[in-house]
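For the record, the sequence lines run as chains E and C. Per this note's numbering, the first sequence starts with residue 1, numbered consecutively. Per this note's numbering, the second sequence starts with residue 112, numbered consecutively.
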Amino acid sequence: QQPVQSPQAVILREGEDAVINCSSSKALYSVHWYRQKHGEAPVFLMILLKGGEQKGHEKISASFNEKKQQSSLYLTASQLSYSGTYFCGTDLQSGNTPLVFGKGTRLSVIA
Amino acid sequence: NAGVTQTPKFRILKIGQSMTLQCTQDMNHNYMYWYRQDPGMGLKLIYYSVGAGITDKGEVPNGYNVSRSTTEDFPLRLELAAPSQTSVYFCATGTDLNEQFFGPGTRLTVL
Numbered sequence: 001q002q003p004v005q006s007p008q009a010v011i012l013r014e015g016e017d018a019v020i021n022c023s024s025s026k027a028l029y030s031v032h033w034y035r036q037k038h039g040e041a042p043v044f045l046m047i048l049l050k051g052g053e054q055k056g057h058e059k060i061s062a063s064f065n066e067k068k069q070q071s072s073l074y075l076t077a078s079q080l081s082y083s084g085t086y087f088c089g090t091d092l093q094s095g096n097t098p099l100v101f102g103k104g105t106r107l108s109v110i111a
Numbered sequence: 112n113a114g115v116t117q118t119p120k121f122r123i124l125k126i127g128q129s130m131t132l133q134c135t136q137d138m139n140h141n142y143m144y145w146y147r148q149d150p151g152m153g154l155k156l157i158y159y160s161v162g163a164g165i166t167d168k169g170e171v172p173n174g175y176n177v178s179r180s181t182t183e184d185f186p187l188r189l190e191l192a193a194p195s196q197t198s199v200y201f202c203a204t205g206t207d208l209n210e211q212f213f214g215p216g217t218r219l220t221v222l
């Protein structure tokens, strides 16, 4: 029941846009996005809840398609600081059950 | 506020040795988690706790034990260390919305 992320890796030039996808084989209650820079701990970016509520980062947006059981993270006008590995975590039900994380998408932004 | 602190930052163990990874939080969160992260494999949940005195197994609990006697502390015990336990270990706390805050990690090598 681990979510599948795509692409596995992407290289961007500064200012370019990227989309990272997260798909589940099961119906989702919420999707969570984290970013991890090399050698550091993951940092929370965003939560998307069933029903459309979002909470998160001001410069990064995301969508949650409950019917398709997938979420997409949109990184626009990328900056060097966006580099890192992005993980989605999925929650199948409310009540704070543990998240299941995908394997991650490695994003490299170059000048 | 320190957030989530972990000790030690690095450790080398010999096969068969035991050790305790310490995790302390000052965020007053009921939920706490232990993950391991192997290269390219994302985050795997070892154990978690929904409050003092309550713990439960995650996806990869074998070879580990936990206790939660206080809200603040959630130590992870490794008994009879094996090379397969070489990994980076992250402790995290969680809010009711499952927003998680990670400690800086412990890099463990078993030789």
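Positions of the beta carbon are idealized from the N, C-alpha and C atoms, including for glycine. As the structure is a computational prediction, the values presented were derived from the model and not from experiment.
> At least one CB of chain C closer than 7 angstroms to the CB of residue 7 of chain E: is that the case?
Replying inline: Cβ-Cβ to chain C under 7 angstroms: no for residue 7 of chain E.
> How long is the line joining the alpha carbons of residue 191 of chain C and residue 221 of chain C, rounded to whole angstroms?
Replying inline: If I take the Cα positions, the gap works out to 10 angstroms.
> Leaving out the 5 sequence neighbours to the left and right, which residues in its chain are closer than 8 angstroms to residue 154 of chain C when beta-carbon positions are compared?
Replying inline: Contacts found: 146, 147, 148, 201.
>> Going by the DSSP bridge assignment, what does residue 34 of chain E pair with across the sheet?
In response: Residue 34 of chain E is bridged to E:44, E:87.
> If you measure from the beta carbon of residue 103 of chain E to each beta carbon in chain C, is any gap under 7 angstroms?
Replying inline: Residue 103 of chain E counts as touching chain C.
> Mapping DSSP to helix, strand and coil, what is residue 112 of chain E?
Replying inline: For residue 112 of chain E there is no data in the structure shown, the boundaries of chain E being 1 and 111.
> Which residues in the same chain as residue 36 of chain E place their Cβ atom closer than 6 angstroms to its Cβ, once the five residues preceding and following it in sequence are excluded?
Replying inline: Excluding its 5 nearest sequence neighbours in each direction, residue 36 of chain E has C-beta neighbours in its own chain below 6 angstroms: 42, 84, 85, listed in chain order.
> Can you tell me whether DSSP reads residue 28 of chain E as helix, strand or coil?
Replying inline: In the structure shown, residue 28 of chain E sits in coil (DSSP, three-state: anything other than H, G, I, E or B).
> Going along the chain, which residues of its own chain have a beta-carbon closer than 7 angstroms to the beta-carbon of residue 102 of chain E, five neighbours each way excluded?
Replying inline: The answer, listed in chain order, is 2, 3, 4, 5, 22, 87, 88.
> Among the residues of its own chain, which have a CB less than 7 angstroms from the CB of residue 140 of chain C, if the five just before and after it don't count?
Replying inline: Only residues of its own chain outside the window of five on either side were considered, and among them 204, 205, 206 have a CB closer than 7 angstroms to the CB of residue 140 of chain C, listed in chain order.
>> Any beta carbon of chain E sitting closer than 7 angstroms to that of residue 173 of chain C?
In response: Chain E has no Cβ within less than 7 angstroms of the Cβ of residue 173 of chain C.
>> Would residue 223 of chain C pass as an interface residue toward chain E - the criterion being a Cβ-Cβ separation below 7 angstroms?
In response: Residue 223 of chain C is absent from the model: chain C starts at 112 and stops at 222.
> Quick one: which chain C residues come within Cβ less than 8 angstroms of residue 91 of chain E?
Replying inline: Near residue 91 of chain E (Cβ distances below 8 angstroms), the residues of chain C are 209.
> What number of angstroms, rounded off, separates the C-alpha of residue 127 of chain E from the C-alpha of residue 63 of chain E?
Replying inline: What the structure shows of chain E is the stretch from 1 to 111, and residue 127 of chain E is not part of that stretch, so it cannot be assessed.
>> Counting C-beta neighbours from all protein chains within 10 Å, is the total for residue 143 of chain C 16 or more, i.e. buried, or is it exposed?
In response: Result: buried.
> Which residues in the same chain as residue 134 of chain C place their Cβ atom closer than 8 angstroms to its Cβ, once the five residues preceding and following it in sequence are excluded?
Replying inline: Cβ neighbours of residue 134 of chain C beyond the five flanking positions: 115, 116, 117, 143, 145, 184, 185, 186, 187, 202, 214.
> Residues of chain E with CB under 9 angstroms from residue 200 of chain C, in chain order?
Replying inline: Against chain E, the beta carbon of residue 200 of chain C has no neighbour under 9 angstroms; the closest one sits roughly 11 angstroms away.
> Going by C-alpha distance, which of E:100, E:11, E:65, E:10 is nearest residue 156 of chain C?
Replying inline: When only C-alpha atoms are compared, the closest one is E:100.
>> What does the Cβ neighbour count give for residue 150 of chain C, buried or exposed, with the cut at 16 atoms within 10 Å?
In response: Residue environment analysis places residue 150 of chain C among the exposed positions, since fewer than 16 neighbouring C-beta atoms fall within 10 angstroms of its C-beta.
>> I need the DSSP call for residue 211 of chain C, collapsed to helix, strand or coil.
In response: The answer is strand: DSSP assigns residue 211 of chain C an E or B state.
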